[in-house]
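Numbering of the sequence shown is given in UniProt numbering, commencing with residue 1 and proceeding in unit increments.
For each residue, glycine too, the CB sits at the ideal point set by N, CA and C.
Just below is one structure, and these are the notes that go with it.
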Amino acid sequence: MPLTSLPDTVKASISDKEQLKLLQDLVTLGGQSHLLDAFSKTKDTSKLQALAAQLVKLNKGYAEGGLLGYIKKAKKLLEDSKNGVNPLDGWKPSIPQGEKFDLGTDKYDSTEQDGMKLLGKVGFVLVAGGLGERLGYNGAKIGLPTESTTGTLYIQYYCEYIKALERKYVTSKGKYLPLCIMVSNDTKVPTMKLLKENKCFGLKRRQIYIVQQGDGVPALTDNDAHFALDDEGFKVVTKPHGHGDIHSLMYQEGVTKEWQDKLGIEYIVFFQDTNGLAFHTLPLMLGVSVQRNFIMNSLCVPRKAKQAIGGIARLTNSKTGQERTVNVEYNQLDPLLRSTEEFKDGDINDSTGFSPFPGNINQLVFQLDAYNKVLRRTKGFMPDFVNPKYKDESKTIFKKPTRLECMMQEFPTVLNADESKRVGFTQAAAEICFSPVKNDVADGVALQANGTPAGTAATGEADQYAAQRIFLRNIGVKIDDAKPVVYNGIQVVPGPAIVLKPDFACCPGELKVKFPTPEKVKISSQSTLVVRGSGVTIESLDLDGCLVVDVDRGETTVVRDLVKNSGWVQRPVKDSQDEVIQMRGFIIERKDAKYVEVHVDPNQSDAERADDTSITPESPYEVEGGMFGVNFGGSKKPDDSECAICTIS
């Protein structure tokens with residue numbers, strides 16, 4: 001029988017009125033009387049107080065009605081799941097609106113050129129809530145190297161790209177391109193540490209914003225939405241709520257409002273932590289967004305029918321006529337299509353050899369003014385869903401606790417009828433825009449054996465080199481591919497290893513200027529080419545070995561060269577104590593290289609950096625970040641007791 005009030009022993013143990021009121025509501029209204037079971041046996045007051053404090057924190061972290069709202073919503077969604085209610089019932093699928101591109105076509109080039117005009121008005125949102133445990137790495141994934149040739153970290157690459165765009169495309173004095181990073185409890189400290197130790201990788205502290213997800217949401221043990229507890233019974237087990245939280249965090253902290261009002265930002269791009277190809281097609285996406293007047297534009301890749309990746313589809317409600325263009329999970333898409341006369345054969349390939357429903361890779365571009373209007377109306381809340389794994393046919397016992405979660409790509413579900421018409425996609429080949437690093441070697445081997453991209457550190461690195469080879473071949477550079485090799489069971493094409501830093505060329509559209517006579521450039525299969533510097537032009541090159549061109553900003557260099565040396569080669573390593581080496585399965589043996597270096601006087605002042613204490617040698621460098629997100633390096637909100645400033649020393 002449910003309790004109607006708290007036992008006197010509980011009331012006597014908790015002096016905080018807020019904690020006591022919440023605990024009573026959860027026990028008497030939320031059906032969570034089991035929260036008191038451990039205390040009734042042990043009478044451990046301190047542990048009960050810790051549980052009550054945790055509940056208050058979780059209550060504040062779920063903005064849509066607190067924990068009682070969470071329980072109510074969970075019960076409804078769990079009931080629907082048990083009864084087999086299909087959330088897509090009543091929605092008719094059709095082919096979505098968007099643009100598909102092949103590199104090297106006039107359509108690609110002209111659209112990219114349109115997008116390049118907007119590169120100085122873009123804000124960046126990095127969803128970086130995860131650790132690298134699945135990869136066999138203990139730190140935040142953004143601290144992993146994108147490739148071994150230069151050792152550039154993911155967060156470093158993103159910062160360097162933003163800085164390169166800023167210097168090339170921002171024309172208004174005093175303006176800059178902002179970066180917002182969403183962190184979790186797990187990744188906040190390592191992210192701050194990376195930024196502090198590397199002085200924000202060249203960005204200024206004021207242009208980096210940190211927003212933090214809460215402590216997650218309670219895990220649920222059954223269809224009555226009972227909270228899961230640890231073995232002692234005094235702590236609620238929590239799970240991540242999902243990256244859909246990013247929209248509500250942006251609203252709560254006023255981040256995008258400030259970007260629009262003070263920085264003149266017109267578009268924002270959301271991207272995830274370990275896709276080293278993420279920005280190659282950003283100008284293309286911007287071009288499509290402005291040409292089609294899209295509020296939201298999803299980057300997609302060609303998708304084989306029934307491939308295990310979500311597909312973008314346009315759905316029309318049969319009762320209301322409302323339209324929405326959204327991601328539909330692959331296991332839902334085929335039965336949804338089969339329920340219609342038009343697609344009665346389900347998800348099948350069309351004349352292109354691919355499904356007409358492109359594969360979603362969760363890189364999103366938003367038109368900022370429209371995005372902010374939606375945030376003001378919705379507060380950025382994305383719809384929750386639940387996906388319990390049942391142990392029995394009656395669907396009453398879970399294999400493991402479940403939870404409510406939300407996804408950032410569900411943004412179209414909160415749009416009104418007119419806004420929904422302005423959602424679409426941009427499709428490009430996966431080879432130039434998508435190679436996430438998310439799996440350990442063992443999982444990667446199994447995936448590759450089934451013909452699925454491995455998604456490992458080794459393939460992520462190889463795909464970065466390959467993308468640059470694709471871009472250079474497209475303009476006429478002659479390049480020979482190396483033969484495939486196998487590292488720890490993962491097959492890759494190791495080279496030639498080409499690293500073009502963003503300040504040299506940040507997108508394919510800039511390469512024709514950098515290689516004015518590409519027919520005079522030849523790169524052998526065993527070569528390594530590294531180029532840094534906005535003032536570098538490569539007129540002719542016959543490379544068989546390693547060439548490193550490293551030129552500081554403000555200096556110019558023209559390369560006309562024949563380079564032949566022993567070069568840098570990848571050497572297999574089976575066992576290593578170094579996590580980064582172990583997940584790749586090789587190291588770079590740097591035998592010989594030619595260096596073309598032009599550096600400015602180290603004593604020369606840099607007026608651009610004069611106002612930035614993050615890199616002034618005589619000033620202390622402190623990294624600060626608020627509990628729920630403040631401008632990185634900003635000051636504490638004087639009346640916000642929750643905004644505890646964390647200084648990493």
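- Distance between ARG205 and ASP503, taken at the CA atoms: about 20 Å.
- VAL573 carries a coil assignment under DSSP once its states are collapsed to helix, strand and coil.
- In this model, LYS379 and TYR371 are separated by some 11 Å (Cα to Cα).
- For the 8 Å CB-CB criterion, PRO218 and LEU58 form a contact.
- Distance between VAL437 and GLU431, taken at the CA atoms: about 14 Å.
- Around ASP37, the same chain offers GLY233 as residues with beta carbons nearer than 8 Å, after the five sequence neighbours per side are excluded.
- The continuous alpha helix (DSSP H) containing LYS17 extends over residues 17-28.
- If you look at GLN291, you'll find it isn't in any beta strand (DSSP E); it sits in the alpha helix (DSSP H) that goes 282-292.
- Three or more Cβ pairs closer than 8 Å define a contact, and the segment 586-593 meets that threshold against the segment 567-574.
- In the DSSP assignment, ALA497 is bridged to THR528.
- Residue state for ARG590 is assigned as strand, using DSSP reduced to three classes.
- At the C-beta level, GLU405 and HIS241 come within 8 Å of one another.
- For THR413, the closest C-alpha among the options LYS76, ASP369 and GLN322 is that of GLN322.
- In its chain, beyond the 5 residues on either side, GLY214 and ASP215 have a beta carbon closer than 7 Å to the beta carbon of GLY61.
- The beta carbons of VAL548 and ALA593 sit closer together than 8 Å.
- Within the segment 365-394, the runs of alpha helix (DSSP H) that reach at least 4 residues and sit entirely inside it are, in chain order, 368-378.
- One alpha carbon belongs to GLY151, the other to GLU579, and they sit about 14 Å apart.
- When DSSP states are grouped into helix, strand and coil, SER94 belongs to the strand group.
- Residue state for LYS188 is assigned as helix, using DSSP reduced to three classes.
- For a cut-off of 8 Å, the C-beta gap from VAL237 to PRO401 is around 6 Å, short enough to register as a contact.
- Distance from the Cα of ASP552 is smallest, within the candidate group LEU282, LYS141, ASP601 and GLY84, for ASP601.
- Under the three-state reduction of DSSP, ALA446 is assigned to helix.
- For THR45, the CB contacts under 7 Å within the same chain, skipping 5 residues up- and downstream, are SER13 in chain order.
- ALA458: member of the alpha helix (DSSP H) spanning 457-475, first to last residue.
- DSSP places LEU88 in no beta strand (DSSP E); its state is neither H nor E.
- One alpha carbon belongs to VAL269, the other to VAL445, and they sit about 32 Å apart.
- Taking a C-beta distance under 8 Å as the contact criterion, TRP91 and LEU315 qualify as a contact pair.
- Residue burial annotation: ALA454 is buried, with at least 16 other C-beta atoms found within 10 angstroms of its C-beta.
- Rounded to the nearest whole angstrom, the C-alpha separation of LEU177 and PRO283 is 15 Å.
- Note that the C-beta distance between PRO496 and ILE470 is not below 8 Å.
- Straight-line measurement puts the Cα of ARG403 at about 7 Å from the Cα of LYS239.
- Taking a contact to require three or more Cβ pairs closer than 8 Å, the segment 303-318 and the segment 284-295 do not qualify as touching.
- Secondary structure at LEU103: coil, using DSSP grouped into helix, strand and coil.
- When C-alpha distances from LYS564 are compared across SER540, ASP550 and SER527, the shortest belongs to SER527.
- Within the segment 154-234, complete beta strand (DSSP E) segments of at least 3 residues are found at 179-183 and 208-212, given in chain order.
- Separation of ILE295 and SER524 (C-alpha to C-alpha, rounded to the nearest whole angstrom) is 44 Å.
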